[in-house]
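Notes follow the structure.
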Amino acid sequence: MLLDDHRKHDVRGSGQQAEHFGAADTSFVLSNLEPDQLALAKKVPVARRRLRGWQLMLVWSLRVYLVFMMVVVFWQAWLAVR
Amino acid sequence: MGAGAQSGRELRALTAVEDEVVVTHEDVDRAHDRARVTAARGGRGLRKRAWLLWLLIGPGILVMLGENDGPSMLSYAATGAKFGVGFFLPFVVLTFGMALVVQEMTVRLGAATHRGHAELIFERFGPFWGWFSMIDLGIGNFLTLITEFIAIRAGLGFFGVPPWAAVLVALAVLFSALLSHRYWTWERVVLAAAAFNLIFVPVALMAHPHWGAVGHAFLTWKPVPGFNRDTVLIVLSDIGATVTPWMLFFQQSATVDKGLTTKDIRFGRIDTFLGAALAAAAAVGAILATAPLFGRISAENFEAAQFAQALVPVIGRFGAVLFALGMVEAGIVASITISTSSAYAFGEVAQRPHSLNLPVNQGKSFYAVLGLCAAAAAGIVLIPGLPLVFVVLVVNVVAVLAMPPALVFLYLLVNDREIMEGVKSPAWMNVLAAAVVVLLTAAGILYGLSVVAPGALAWIGRL
Numbered sequence: 083m084l085l086d087d088h089r090k091h092d093v094r095g096s097g098q099q100a101e102h103f104g105a106a107d108t109s110f111v112l113s114n115l116e117p118d119q120l121a122l123a124k125k126v127p128v129a130r131r132r133l134r135g136w137q138l139m140l141v142w143s144l145r146v147y148l149v150f151m152m153v154v155v156f157w158q159a160w161l162a163v164r
Numbered sequence: 220m221g222a223g224a225q226s227g228r229e230l231r232a233l234t235a236v237e238d239e240v241v242v243t244h245e246d247v248d249r250a251h252d253r254a255r256v257t258a259a260r261g262g263r264g265l266r267k268r269a270w271l272l273w274l275l276i277g278p279g280i281l282v283m284l285g286e287n288d289g290p291s292m293l294s295y296a297a298t299g300a301k302f303g304v305g306f307f308l309p310f311v312v313l314t315f316g317m318a319l320v321v322q323e324m325t326v327r328l329g330a331a332t333h334r335g336h337a338e339l340i341f342e343r344f345g346p347f348w349g350w351f352s353m354i355d356l357g358i359g360n361f362l363t364l365i366t367e368f369i370a371i372r373a374g375l376g377f378f379g380v381p382p383w384a385a386v387l388v389a390l391a392v393l394f395s396a397l398l399s400h401r402y403w404t405w406e407r408v409v410l411a412a413a414a415f416n417l418i419f420v421p422v423a424l425m426a427h428p429h430w431g432a433v434g435h436a437f438l439t440w441k442p443v444p445g446f447n448r449d450t451v452l453i454v455l456s457d458i459g460a461t462v463t464p465w466m467l468f469f470q471q472s473a474t475v476d477k478g479l480t481t482k483d484i485r486f487g488r489i490d491t492f493l494g495a496a497l498a499a500a501a502a503v504g505a506i507l508a509t510a511p512l513f514g515r516i517s518a519e520n521f522e523a524a525q526f527a528q529a530l531v532p533v534i535g536r537f538g539a540v541l542f543a544l545g546m547v548e549a550g551i552v553a554s555i556t557i558s559t560s561s562a563y564a565f566g567e568v569a570q571r572p573h574s575l576n577l578p579v580n581q582g583k584s585f586y587a588v589l590g591l592c593a594a595a596a597a598g599i600v601l602i603p604g605l606p607l608v609f610v611v612l613v614v615n616v617v618a619v620l621a622m623p624p625a626l627v628f629l630y631l632l633v634n635d636r637e638i639m640e641g642v643k644s645p646a647w648m649n650v651l652a653a654a655v656v657v658l659l660t661a662a663g664i665l666y667g668l669s670v671v672a673p674g675a676l677a678w679i680g681r682l
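From first to last, the protein sequence lines stand for chains A and B.
Converting from the first sequence to this note's numbering requires adding 82 to each position, the first position being numbered 1.
Converting from the second sequence to this note's numbering requires adding 219 to each position, the first position being numbered 1.
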């Protein structure tokens with residue numbers, strides 16, 4: 083039984099309670115999952131990238147559009163309810 | 220170099236790696252699922268391919284049928300009752316085409332990076348943009364969850380079930396689906412529930428639609444409704460019934476939780492296509508079911524039970540019962556998928572464990588967020604005197620308005636060579652994605668014009 087023979091402990095001080103499985107379980111997991119599919123591999127952050135000029139302009143334009151339109155929606159819905 | 224020496228070195232290397240690797244319960248469960256996929260992939264023949272497809276489908280069908288939720292089905296029902304058979308039949312199918320384009324990108328992104336959508340936005344573009352996305356998602360998800368419980372309450376209200384009991388039934392189903400603490404089991408249970416969304420197809424057949432008119436509508440997109448505020452609102456509502464931000468976050472996280480890799484992308488596409496086709500069939504079914512009400516009633520702000528009641532003379536009591544049950548199913552399945560989407564996103568951003576493979580003691584925050592979101596939305600529906608119609612009115616519109624900013628981040632991520640492992644979007648896919656962003660933004664601007672400057676809308680209509 084693969085889930086036998088394991089013990090629990092904290093991992094890298096993250097507060098995440100993980101389980102340390104036996105060698106057979108670990109081998110089974112490693113042979114069936116890609117390395118970055120492991121839950122703890124996700125603790126390594128993806129590298130940051132900077133948005134370029136046109137990208138920043140686009141995301142800011144759409145942010146302003148969203149805020150403005152949300153005001154319109156809530157105003158209209160409020161009038162409809164009243 | 221001898222084969223024996225090489226094997227020995229590899230074995231020692233593997234042992235060293237295994238000594239350092241910490242494997243979690245979530246990993247072991249996911250590895251079991253992947254082992255079955257690997258075994259099925261080795262087989263030949265139609266039966267083996269069908270088995271592989273069965274193992275790999277799930278997130279796409281769930282997200283599409285999940286989006287056929289309470290407010291969406293109400294929107295389709297209102298479309299049928301207000302406009303009959305015509306322009307909106309092919310239009311709704313087109314919106315599912317848009318959803319397909321968008322959701323396929325989340326499959327590739329999830330399979331290539333093994334990271335959720337919220338996590339990627341936070342880490343790749345920083346917390347500033349990450350929090351904006353999370354606020355959009357949080358507000359949209361919570362408002363939508365409230366409308367799911369409104370639909371459940373109204374649908375079960377048709378059978379005389381009191382609101383508190385209706386809400387408890389929905390919460391019981393939601394928590395039952397989580398009992399196994401296995402993604403695979405949860406997915407199959409929710410898929411089984413989601414299949415009932417197709418109940419709208421037999422309901423449509425009971426309404427005896429005029430198939431000549433249906434064929435004419437699909438071929439010509441006619442009759443075209445008048446260009447006015449009502450039409451713009453229904454257009455926006457029907458788009459919001461099909462493409463919403465929670466779908467991006469849910470399908471990518473579910474793809475990761477299921478353990479799909481780049482080898483599975485083709486099946487992920489089939490899964491998403493099947494989902495879109497099934498959901499489109501149910502949506503068209505809802506429109507055709509209520510089309511006989513066109514010109515007979517005013518369906519302004521109808522709730523599920525009122526549609527079912529109005530349908531009794533047209534499709535009989537049994538048909539109306541099926542319609543009401545369909546609304547309940549739509550609300551329950553969506554409440555499950557949307558609350559799960561919120562829990563995934565919270566876990567990804569807070570860097571807390573986030574998987575349906577987690578036992579409760581290891582995924583306390585994940586299950587707490589999931590349960591609390593659903594319970595809070597359910598509780599709000601029971602507070603007497605709250606203007607809930609306000610939420611129903613805005614929810615689909617808010618979804619459409621929040622989509623363009625969300626889609627731009629999806630577009631940037633899916634074209635990011637550094638993280639996409641050779642599966643970045645081809646040019647034609649980028650053109651389609653850009654067209655979806657332009658269409659959604661244009662629809663939003665038209666809606667804004669209809670509110671702020673109705674004269675301008677009338678002028679555009681005369682062009």
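The beta carbon of each residue, even a glycine, is placed where N, CA and C say it ideally should be.
Local Cβ density within 10 Å of residue i, reported as buried at 16 or more and exposed below that
i                      : result
residue 511 of chain B : buried
residue 257 of chain B : exposed
residue 285 of chain B : buried
residue 445 of chain B : exposed
residue 231 of chain B : Because the pLDDT at residue 231 of chain B is just 46, under 50, the model does not fix this residue reliably, and the value given afterwards should be weighed accordingly. Label assigned to residue 231 of chain B: exposed.
residue 685 of chain B : Given that chain B is displayed from residue 220 to residue 682, the structure contains no residue 685 of chain B and the question cannot be resolved.
residue 536 of chain B : exposed
residue 585 of chain B : buried
residue 580 of chain B : exposed
residue 269 of chain B : exposed
residue 674 of chain B : exposed
Where residue i sits in the DSSP three-state scheme
i                      : result
residue 109 of chain A : helix
residue 446 of chain B : coil
residue 489 of chain B : helix
residue 471 of chain B : helix
residue 343 of chain B : helix
residue 682 of chain B : coil
residue 614 of chain B : helix
residue 288 of chain B : coil
residue 440 of chain B : coil
residue 672 of chain B : coil
residue 654 of chain B : helix
residue 131 of chain A : coil
residue 637 of chain B : helix
residue 116 of chain A : coil
residue 363 of chain B : helix
residue 124 of chain A : helix
residue 455 of chain B : helix
Pairwise C-alpha distance: residue j and residue i
i                      : j                      : result
residue 460 of chain B : residue 370 of chain B : 14 Å
residue 85 of chain A  : residue 248 of chain B : Its pLDDT being 38, under 50, residue 85 of chain A is placed unreliably by the model, and nothing is read from it.
residue 154 of chain A : residue 441 of chain B : 31 Å
residue 97 of chain A  : residue 119 of chain A : Annotation note: pLDDT 45 at residue 97 of chain A (below 50); position unreliable, no value reported.
residue 466 of chain B : residue 415 of chain B : 20 Å
residue 301 of chain B : residue 326 of chain B : 36 Å
residue 612 of chain B : residue 307 of chain B : 19 Å
residue 470 of chain B : residue 400 of chain B : 19 Å
residue 548 of chain B : residue 412 of chain B : 7 Å
residue 463 of chain B : residue 500 of chain B : 19 Å
residue 497 of chain B : residue 240 of chain B : 42 Å
residue 676 of chain B : residue 668 of chain B : 6 Å
residue 443 of chain B : residue 541 of chain B : 30 Å
residue 526 of chain B : residue 509 of chain B : 8 Å
residue 575 of chain B : residue 544 of chain B : 27 Å
residue 562 of chain B : residue 360 of chain B : 11 Å
residue 555 of chain B : residue 282 of chain B : 11 Å
residue 289 of chain B : residue 425 of chain B : 21 Å
residue 666 of chain B : residue 291 of chain B : 18 Å
residue 150 of chain A : residue 663 of chain B : 11 Å
residue 422 of chain B : residue 505 of chain B : 8 Å
residue 159 of chain A : residue 328 of chain B : 36 Å
residue 115 of chain A : residue 636 of chain B : 23 Å
residue 427 of chain B : residue 553 of chain B : 29 Å
Proximity test, residue i beta-carbon vs the ligand MG heavy atom, cut-off 8 Å
i                      : result
residue 607 of chain B : Among the components of this structure there are no ligands whatsoever, and the ligand MG is therefore not found.
inquiry  = Does the contact criterion of 3 or more C-beta pairs under 8 Å hold for the stretch 474-494 of chain B versus the stretch 249-259 of chain B?
reply    = Counting Cβ pairs under 8 Å, three or more are found: they touch.
task = Report yes or no: do the stretch 586-596 of chain B and the stretch 628-641 of chain B share at least 3 C-beta pairs separated by less than 8 Å?
result = Too few Cβ pairs lie closer than 8 Å, so no.
message = Pairs of beta-carbons, one from the stretch 523-532 of chain B and one from the stretch 488-497 of chain B, closer than 8 Å: are there three or more?
response = Contact annotation: the stretch 523-532 of chain B does not touch the stretch 488-497 of chain B, with fewer than three C-beta pairs closer than 8 Å.
Cβ pair count under 8 Å reaching 3, the stretch 334-344 of chain B against the stretch 122-139 of chain A = Contact holds: three or more Cβ-Cβ distances are below 8 Å.
message = Counting beta carbon pairs with one atom in the stretch 375-389 of chain B and one in the stretch 567-584 of chain B, are three or more of them shorter than 8 Å?
response = At 8 Å Cβ cutoff, the stretches do not touch.
inquiry  = Quick test of the definition: if touching needs 3 or more C-beta pairs under 8 Å, does the stretch 129-147 of chain A touch the stretch 355-364 of chain B?
reply    = In short, these stretches do not touch, since the Cβ pair count stays below three.
request  = Indicate whether the contact test is met: 3 or more Cβ pairs, each with one atom in the stretch 308-325 of chain B and one in the stretch 650-657 of chain B, closer than 8 Å.
outcome  = With the rule of 3 Cβ pairs closer than 8 Å, the stretch 308-325 of chain B counts as touching the stretch 650-657 of chain B.
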